[in-house]
Every structure is written in C-alpha cells, then in structure tokens.
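Peer 1: Under the working numbering, the first residue of the sequence shown is numbered 7, with each subsequent residue one higher.
Virtual Cβ for every residue (Gly too), placed ideally from N, Cα, C.
The structure's right below; bear with me while I get my questions together.
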Amino acid sequence: MAAIAIIFGYIETLLPIFTGIPGIKLGLANLVTVFMLYVFTWKEAAVIATIRILVIGFLFGSLFSILFSLAGGYLSLMVMVWMKKVPGLSVIGVSIAGGVFHNIGQILVAALVVENIKLFYYVPVLLVAGLVTGLLIGIVGQMLIRRLKPLL
7 MAAIAIIFGY IETLLPIFTG IPGIKLGLAN LVTVFMLYVF TWKEAAVIAT
57 IRILVIGFLF GSLFSILFSL AGGYLSLMVM VWMKKVPGLS VIGVSIAGGV
107 FHNIGQILVA ALVVENIKLF YYVPVLLVAG LVTGLLIGIV GQMLIRRLKP
157 LL
C-alpha cells in the first residue's frame, strides 16, 4: 500500500495545477489513507501515510514540504478517525473532513514557520479546496472500499 501511495504522490507532482492557486492538489495519495482507514486500522493508515509523506518529500519536495505534509496528514487522519465513529457518516463525509483538516493543519504550520498571520486570509480558499478534493477522493474511496474490501 505504501508503494501505491508513493506512486500516487509522484503522479500528483506531474499534474499541472489547474486552479492557478499555489499548494492546491487533488490529494490522490490520500486515497490510500482513506482506504487503509476503512479496510485496515488507523495505525496502519498512519504508518503508510508517514512513509508516503517522507519518501515523496525527500524525493520531490523539501524539509518544509515534509513538515507541512506531516502536519496536514496527521491532523487529517486524527479527524477522519474521529469522524468515522459518527453513526451514519459515509466515507465521503469522512474524506471531506479529512481534506478540509489537511489544509487547516498545513496553514497552521505555515503561519508558525513564516510568522505571518496574514496567511490566514488564504483559509477560505483552502477550505473550499479541501471540501472539493475531499469529496472527489471520498467518492472514489467509497467505490474502492466497496469493491476491494470483500477480497481482502
């Protein structure tokens, strides 16, 4: 699963940013995290997410990108673990929460690193982006979980 997440992360580095907004990505690699959370355990999901973030960061990013990705990834995972326990909440809803909180985690760390509170003006854009990408990843994730979970 780590290899799949790394491949998705690499593919995402090749995709142009269609939004024209810096830092906005689809979150393909997070699809693996959502899948792991529902098919395996949150601990295994955390291990795979950590491996993916570190490998992609060292190969294609920087120490700052690793820091931002770890913050977003861990906050996202914690929120998704909690939201998964909410009765009636679908994979899509959990993924949306994950997408939104991934961006919140990243902007919080970015504001601390650059010591500039004006970065919070970017929050509305990041919230919408997290909602949209979380929705898309959630739809695909839900389909994969339904089809692959019985086979594992």
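Under the assumption that L83 contacts A52 (Cβ atoms under 8 Å), give the Cβ distance between them as a whole number of angstroms.
Peer 2: Counting from one through the sequence shown, the residue named residue 83 turns up at place 77. Counting from one through the sequence shown, the residue named residue 52 turns up at place 46. Confirmed, about 6 Å.
Peer 1: When DSSP labels each residue in this structure, what does S82 get in the three-state scheme?
Peer 2: Here the question's residue 82 lines up with position 76 in the sequence shown. Residue state for S82 is assigned as helix, using DSSP reduced to three classes.
Peer 1: Taking all protein chains shown into account, decide if T39 is buried (16 or more other Cβ within 10 angstroms of its Cβ) or exposed.
Peer 2: Your numbering for residue 39 matches position 33 in the sequence shown. Its Cβ being crowded by 16 or more others within 10 Å, T39 is buried.
Peer 1: Which first and last residues belong to the alpha helix (DSSP H) in which M7 is found?
Peer 2: As a first step, residue 7 is located in the sequence shown; it is residue number 1 there, counting from the start. From DSSP, M7 is part of no alpha helix (DSSP H); its letter is neither H nor E.
Peer 1: Helix, strand or coil: which one does DSSP assign to T39?
Peer 2: Here the question's residue 39 lines up with position 33 in the sequence shown. The answer is helix: DSSP assigns T39 an H, G or I state.
Peer 1: Is the beta carbon of L43 closer than 8 Å to that of K90?
Peer 2: On the sequence shown, position 84 is the one that residue 90 refers to. On the sequence shown, position 37 is the one that residue 43 refers to. Going by C-beta atoms, K90 is nearer than 8 Å to L43.
Peer 1: Sorted by chain position, which residues of the same chain lie with C-beta nearer than 8 Å to L34's C-beta, five sequence neighbours on each side aside?
Peer 2: Taking the first residue of the sequence shown as 1, we reach residue 34 at position 28. So the list reads F14, G15, I17, E18 and I143, once near-sequence residues are dropped.
Peer 1: Would you identify the three-state DSSP class for T56, choosing helix, strand or coil?
Peer 2: Locating residue 56 in the sequence shown gives position 50, counting from the first residue. T56: helix per DSSP, three-state reduction.
Peer 1: Tell whether a beta-carbon distance below 8 Å holds between I145 and I98.
Peer 2: On the sequence shown, position 139 is the one that residue 145 refers to. On the sequence shown, position 92 is the one that residue 98 refers to. With a cutoff of 8 Å on beta-carbon distance, I145 and I98 are scored as near each other.
Peer 1: Using 8 Å for Cβ pairs, my map puts I102 next to L137. What's the rounded Cβ distance?
Peer 2: On the sequence shown, residue 102 is found 96 positions in, with the first residue counted as 1. On the sequence shown, residue 137 is found 131 positions in, with the first residue counted as 1. 6 Å between Cβ atoms; contact.
Peer 1: Give me the Cβ distance between L37 and G147, rounded to the nearest whole Å; I'm assuming they're in contact under 8 Å.
Peer 2: Indexing the sequence shown from 1 puts residue 37 at position 31. Indexing the sequence shown from 1 puts residue 147 at position 141. Right, the Cβ-Cβ distance comes to about 6 Å (below 8 Å), so this counts as a contact.
Peer 1: Look at the alpha carbon of I110 and the alpha carbon of G78, and state the distance between them as a whole number of angstroms.
Peer 2: In the sequence shown, residue 110 corresponds to position 104, counting from 1. In the sequence shown, residue 78 corresponds to position 72, counting from 1. Taken atom to atom, the span from the alpha-carbon of I110 to that of G78 is near 7 Å.
Peer 1: Secondary structure at L118, three-state DSSP: helix, strand or coil?
Peer 2: Your numbering for residue 118 matches position 112 in the sequence shown. Looking at L118 - three-state DSSP - the assignment turns out to be helix.
Peer 1: Classify I62 as buried or exposed, calling it buried when 16 or more other Cβ atoms lie within 10 Å of its own Cβ.
Peer 2: Taking the first residue of the sequence shown as position 1, residue 62 is located at position 56. Buried: at least 16 other Cβ atoms inside 10 Å.
Peer 1: What number of angstroms, rounded off, separates the C-alpha of L114 from the C-alpha of A55?
Peer 2: Within the sequence shown, numbered from 1, the residue matching residue 114 stands at position 108. Within the sequence shown, numbered from 1, the residue matching residue 55 stands at position 49. Going by the C-alpha atoms only, they are around 19 Å apart.
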